[in-house]
Amino acid sequence: MGVVRNVLDDGLGGLENNFLTARVEDLVNWSRSRSSWGATFGLACCAIEMMATGASHYDLARFGMEVFRASPRQADIMIVAGRVSQKMAPVLRQVYDQMMEPKWVISMGVCASSGGMFNNYAIVQGVDQIVPVDVYAPGCPPTPETLIHAIETLHQLIEDENILRRRKEQGGGANVHILEVPAGANGVSINFRSK
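Here it is as structure tokens:
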């Protein structure tokens, strides 16, 4: 991916004879990371924060996510926002199965990630029991900055092609947990850790 990053950093000025070479796989991953469309699965209060993230103040269009898709067949990323009930679990799996490959999942909020304060028979204790989760966004509810950081983390994993390799090896998602971004911390770089 070095050639694409070099072009992004200094333009075409450093290339001799204006000729660019790269692996097709790198270019495909680079374009996938900048043109992903989300399928919404807003189930609780986290969906309000997801809608705020998609509004003009936070502007998801700069990440190539202009429109949340209502049809799973047109989406690359599923954002599960909120608690998942036992009755909703088969619907969640059906929506995930209808998405085209490659597809990724962000678990938004503590309720989607582990059931949260709803520790009872009616709520699934972690959406990763139903679909493979690639990035977990913490918080109750997560701030728009945290969701943007989760999306940026996922885009970096897509570009570095780590997700597909991990899916083949583990049979599931990438399982990357990120730290919560404090409100008003726009542009702050936060490290993430892998499980």
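Counting with the working numbering, you get residues 2 to 196 for the letters of the sequence shown. Think of the CB as a built atom: it goes at the ideal place given N, C-alpha and C, for glycine as much as any other residue. Quick caveat, the model's predicted, so the values are computed rather than measured.
Inset, instruction - Report, in whole angstroms, the separation of the C-beta atoms of Ala40 and Ala76, which I expect to be a contact under 8 Å. - result: For the purposes of this step, residue 40 is taken as residue 39 along the sequence shown, with counting starting at 1. For the purposes of this step, residue 76 is taken as residue 75 along the sequence shown, with counting starting at 1. Contact flag correct, Cβ pair sits at about 3 Å.
Legend entry - Nearest-angstrom Cα separation, counted from Met51 out to Gly110: Residue 110 sits at position 109 when you count from the first residue of the sequence shown. Residue 51 sits at position 50 when you count from the first residue of the sequence shown. Gly110 and Met51: Cα-Cα distance of roughly 10 Å.
Legend entry - Terminal residues of the alpha helix (DSSP H) in which Ser1 lies: With the chain covering 2 to 196 only, the question about residue 1 has no answer from this structure.
Inset, instruction - Taking Leu97 as part of the alpha helix (DSSP H), name the residues at either end of that continuous run. - result: Here residue 97 is taken as the residue at index 96 of the sequence shown, counted from 1. Rather than Leu, the amino acid found at residue 97 in this sequence is Tyr. From DSSP, the alpha helix (DSSP H) with Tyr97 extends over Ala90 to Gln99.
Inset, instruction - Could you work out which residue in Ala82, Ala45 and Leu93 is closest to Ile131 when comparing CA atoms only? - result: Taking the sequence shown and counting its residues from 1, one reaches residue 131 at position 130. Nearest C-alpha to Ile131: Leu93.
Inset, instruction - Count the other C-beta atoms from every protein chain shown that fall within 10 angstroms of the C-beta of Pro91, then say buried if there are 16 or more, exposed otherwise. - result: Walking along the sequence shown from the start, residue 91 turns up at place 90. Flag for Pro91 reads exposed.
Legend entry - Collapsed DSSP secondary structure at Ile131 in the structure displayed: Against the sequence shown, residue 131 aligns to sequence position 130. Note: Ile131 maps to coil in three-state DSSP.
Inset, instruction - Determine the burial state of Glu146: buried for a count of at least 16 other Cβ atoms within 10 Å of its Cβ, exposed for fewer. - result: As a position in the sequence shown, residue 146 is number 145, starting the count at 1. Classification of Glu146: buried, given that the 10 Å Cβ count is 16 or more.
Legend entry - Inter-residue spacing [alpha-carbon to alpha-carbon] between Leu28 and Arg35: Locating residue 28 in the sequence shown gives position 27, where the first residue counts as 1. Locating residue 35 in the sequence shown gives position 34, where the first residue counts as 1. So the alpha carbons of these two residues sit roughly 11 Å apart.
Legend entry - DSSP-derived helix/strand/coil call for Val140: For the purposes of this step, residue 140 is identified with residue 139 of the sequence shown, where counting begins at 1. Checking the sequence, you will find Gly at residue 140 rather than Val. Looking at Gly140 - three-state DSSP - the assignment turns out to be coil, as it is neither helix nor strand.
Inset, instruction - Please confirm if the stretch 93-105 is in contact with the stretch 56-65, defined as three or more CB-CB distances below 8 Å between the two stretches. - result: no
Legend entry - Boundaries (first-last residue) of the alpha helix (DSSP H) holding Val111: Position 110 of the sequence shown holds residue 111. Val111 -> alpha helix (DSSP H) spans Val111 to Ser115.
Inset, instruction - Label Leu44 either buried or exposed according to how many other C-beta atoms from any shown protein chain fall within 10 Å of its C-beta, with 16 as the threshold for buried. - result: If you number the sequence shown from 1, residue 44 lands on position 43. So Leu44 counts as buried.
Inset, instruction - Taking Thr78 and Leu155 to be in contact with their CB atoms under 8 Å, please state how far apart those CB atoms are, rounded to whole angstroms. - result: Locating residue 78 in the sequence shown gives position 77, counting from the first residue. Locating residue 155 in the sequence shown gives position 154, counting from the first residue. In the sequence as presented, Thr is not what sits at residue 78; that position holds Ile. Going by Cβ atoms, the distance from Ile78 to Leu155 rounds to 7 Å, so yes, they are a contact pair.
Legend entry - Residue from Phe42, Gly83 and Met89 with nearest C-alpha to Arg70: Sequence index remark: in the sequence shown, residue 70 carries index 69 (1-based). Minimum Cα distance to Arg70 is reached at Phe42.
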